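Novice:
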Amino acid sequence: MTTEETTDTRGVRLSAGDVELTVAPGNGCRVGSLRIGGTELLRQGPRFGSFPMVPWCGRVEHGQFRNGGRLHQLPVNAPPHAIHGTGRDVAWRTADIDTAAAAFTYDLADPWPYSGRVTQAFQLSPDSLTTTMSVETEGDSFPAQVGWHPWFLRDLGDGGADVELAFQAEWQEERGDNHLPTGRRIEPRPGPWDDCFGMPGGVDVTLTWPGRLELKVTSRTEWVVVYDEQAEAVCVEPQSGPPNGLNTLPRLVTPIDPLELSMTWSWRRLG
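Numbering of the sequence shown is given in the UniProt record's numbering, commencing with residue 1 and proceeding in unit increments.
As structure tokens, this is what we get:
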């Protein structure tokens, strides 16, 4: 294992049994590939795979948020809002790497107005992947969020049936015409979705490719966004707060209280 921090634009490959994971620190530290027994599970391409959402998740209304009396403006990259954080747009440094584990970091900088460090770690086994992300401040306290945006293939490419989603949410965040939660909680509605759901007992969503594979997405957080409006892929996105949470449900990162969250994908083969 190496612990020297280096900037790496190549893919970092982890393996456990016949499972292979490729992380691209130079491309926002996204997972570029997850292959189980030679079968790819993630949509391919430089904007897909599975990317980290940090230091916020989903949309921030008009790209603005307050920290105490200070109003901050973020780049509006999904007009009229800011979306999905800055971590996916920067190169991360490789901090630790081993056969089935790795850790990466980057330092918060413009356009994010506060200094701090983000760490993302991966632990792979033959039947699971656990990813942990943390945000630490190097000075002032600030609100932040962490989460993940995976693009799971709807069709595994072998002529089999499309993936099926199953989950039990206590509520759905009503989505306004501006694509932001209105603040009203409603009974979960049938899809298609681009919606945030509440699971107070922890996120627990199952994706099943009939006859091929079952994959569970779990996390201790109670917030998950499900997006299945595209033909090629579906997204199950655990995150530490709801969309626009920097404004509606701020979670402060302080010098003595960093933000940390883990997510696990666990799978079993069917048939």
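Glycine included, every Cβ here is placed at the ideal spot set by N, Cα and C.
Since this is a predicted model, take the numbers as computed values, not measurements.
Does the segment 220 to 233 come into contact with the segment 111 to 124, if we say contact requires no fewer than three beta-carbon pairs (one atom in each stretch) closer than 8 Å?
Specialist: The answer is no - the segment 111 to 124 does not touch the segment 220 to 233, with fewer than three Cβ pairs under 8 Å.
Novice: Cα separation between S13 and R70?
Specialist: Taking the first residue of the sequence shown as position 1, residue 13 is located at position 13. Taking the first residue of the sequence shown as position 1, residue 70 is located at position 70. First, the residue type needs correcting, since residue 13 is Arg and not Ser in the sequence shown. Roughly 42 Å separates the two Cα atoms.
Novice: How is the alpha helix (DSSP H) around L246 delimited, first residue to last?
Specialist: Position 246 of the sequence shown holds residue 246. Note, L246: alpha helix (DSSP H), G245 to T248.
Novice: So what does S125 bridge to, in DSSP terms?
Specialist: Reading the sequence shown from its first residue, position 125 is the one you call residue 125. DSSP output for S125 lists S128 as bridge partner(s).
Novice: Which partner residues of N67 appear in the DSSP bridge assignment?
Specialist: The residue given as residue 67 occupies position 67 in the sequence shown. Answer by DSSP bridge pairing, in chain order: R70.
Novice: Determine the closest residue to G201 out of A169, P210, P188 and P192, with distance taken between C-alpha atoms.
Specialist: Position 201 of the sequence shown, counted from the start, is the residue given in the question as residue 201. When each option's Cα is compared against that of G201, the closest is A169.
Novice: For the segment 175 to 231, which segments carrying the alpha helix (DSSP H) assignment without a break, of at least 4 residues, lie completely within its bounds, in sequence order?
Specialist: none
Novice: Pick out whichever of S15, W92, A100 and W56 has its Cα sitting closest to the Cα of N27.
Specialist: As a working note, residue 27 is residue 27 in the sequence shown. With distances taken between Cα atoms, N27 lies closest to W92.
Novice: Where does R35 fall in DSSP's three states?
Specialist: For this step, residue 35 is matched to residue 35 along the sequence shown. Strand.
Novice: Between the beta-carbon of T94 and the beta-carbon of L108, is there less than 9 Å?
Specialist: The count along the sequence shown starts at 1 and reaches residue 94 at position 94. The count along the sequence shown starts at 1 and reaches residue 108 at position 108. No, Cβ-Cβ distance for T94 and L108 is not below 9 Å.
Novice: Give a yes or no on whether the C-beta atoms belonging to G160 and W209 are separated by under 9 Å.
Specialist: Taking the sequence shown and counting its residues from 1, one reaches residue 160 at position 160. Taking the sequence shown and counting its residues from 1, one reaches residue 209 at position 209. Yes, these two residues count as a Cβ contact at 9 Å.
Novice: Apart from the five residues on each side of it in sequence, which residues of its chain come closer than 8 Å, Cβ to Cβ, to V76?
Specialist: Numbered from its first residue, the sequence shown carries residue 76 at position 76. Once the five neighbours on either side are set aside, the close Cβ partners of V76 are H62, G63 and A82.
Novice: For Q172, which option in E187, G68, Y227 and W151 has the closest C-alpha, if you only look at C-alpha atoms?
Specialist: On the sequence shown, residue 172 is found 172 positions in, with the first residue counted as 1. Taking only the C-alpha atoms, the option nearest Q172 is E187.
Novice: Where DSSP assigns a beta bridge to F152, which residues make up the other side?
Specialist: For the purposes of this step, residue 152 is identified with residue 152 of the sequence shown, where counting begins at 1. BP columns for F152 point to L42 and V234.
Novice: Would you call R59 buried or exposed, if buried means 16 or more other Cβ atoms sit within 10 Å of its Cβ?
Specialist: Here residue 59 refers to the residue found at position 59 when the sequence shown is read from its first residue. So R59 counts as buried.
Novice: Nearest to D140 by CA position, among G17, L270, T264 and T254, is which residue?
Specialist: On the sequence shown, position 140 is the one that residue 140 refers to. Checked all of G17, L270, T264 and T254; the closest Cα to D140 is T254.
Novice: For P190, does the count of other Cβ atoms within 10 angstroms reach 16, so buried, or fall short, so exposed?
Specialist: As a first step, residue 190 is located in the sequence shown; it is residue number 190 there, counting from the start. If you draw a 10 Å sphere on the C-beta of P190, you find fewer than 16 other C-beta atoms in it, and that means exposed.
Novice: To which residues does DSSP link G85 through a beta bridge?
Specialist: As a first step, residue 85 is located in the sequence shown; it is residue number 85 there, counting from the start. Per DSSP, V54.
Novice: Specify the secondary structure class of G241 as computed by DSSP and reduced to three states.
Specialist: Here residue 241 is taken as the residue at index 241 of the sequence shown, counted from 1. If DSSP states are grouped into helix, strand and coil, G241 belongs with coil.
Novice: DSSP three-state label for P255, please.
Specialist: Here residue 255 corresponds to residue number 255 of the sequence shown, with the count starting at 1. Secondary structure at P255: coil, using DSSP grouped into helix, strand and coil.
Novice: If you draw a straight line from the alpha carbon of L21 to that of R154, how long is it in whole angstroms?
Specialist: The count along the sequence shown starts at 1 and reaches residue 21 at position 21. The count along the sequence shown starts at 1 and reaches residue 154 at position 154. Straight-line Cα distance between these residues: approximately 19 Å.
Novice: Can the beta-carbon of W265 be found less than 9 Å from the beta-carbon of L213?
Specialist: The sequence position of residue 265 within the sequence shown is 265, counting from 1. The sequence position of residue 213 within the sequence shown is 213, counting from 1. Not a contact, by the Cβ cut-off of 9 Å.
Novice: Can you tell me whether DSSP reads G147 as helix, strand or coil?
Specialist: Mapped onto the sequence shown, residue 147 falls at position 147. Reduced to three states, the DSSP call for G147 is strand.
Novice: Pick out whichever of V90, R175, S262 and D204 has its Cα sitting closest to the Cα of V146.
Specialist: Working through the sequence shown from its first residue, we reach residue 146 at position 146. When only C-alpha atoms are compared, the closest one is S262.
Novice: Would you kindly check if the distance between the Cβ of P143 and the Cβ of P242 is under 9 Å?
Specialist: Here residue 242 refers to the residue found at position 242 of the sequence shown. Here residue 143 refers to the residue found at position 143 of the sequence shown. Not in contact: P242 and P143 (Cβ atoms no closer than 9 Å).
Novice: Alpha carbon to alpha carbon, how far is V31 from A100?
Specialist: Position 31 of the sequence shown holds residue 31. Position 100 of the sequence shown holds residue 100. When rounded, the distance between both Cα atoms is 14 Å.
Novice: Just confirm the distance between the C-beta atoms of Q239 and V217, as a whole number of angstroms; I'd bet it's less than 8 Å.
Specialist: Counted from its first residue, the sequence shown places residue 239 at position 239. Counted from its first residue, the sequence shown places residue 217 at position 217. About 12 Å separates the beta carbons of Q239 and V217, which is beyond the 8 Å limit, so they are not a contact pair.
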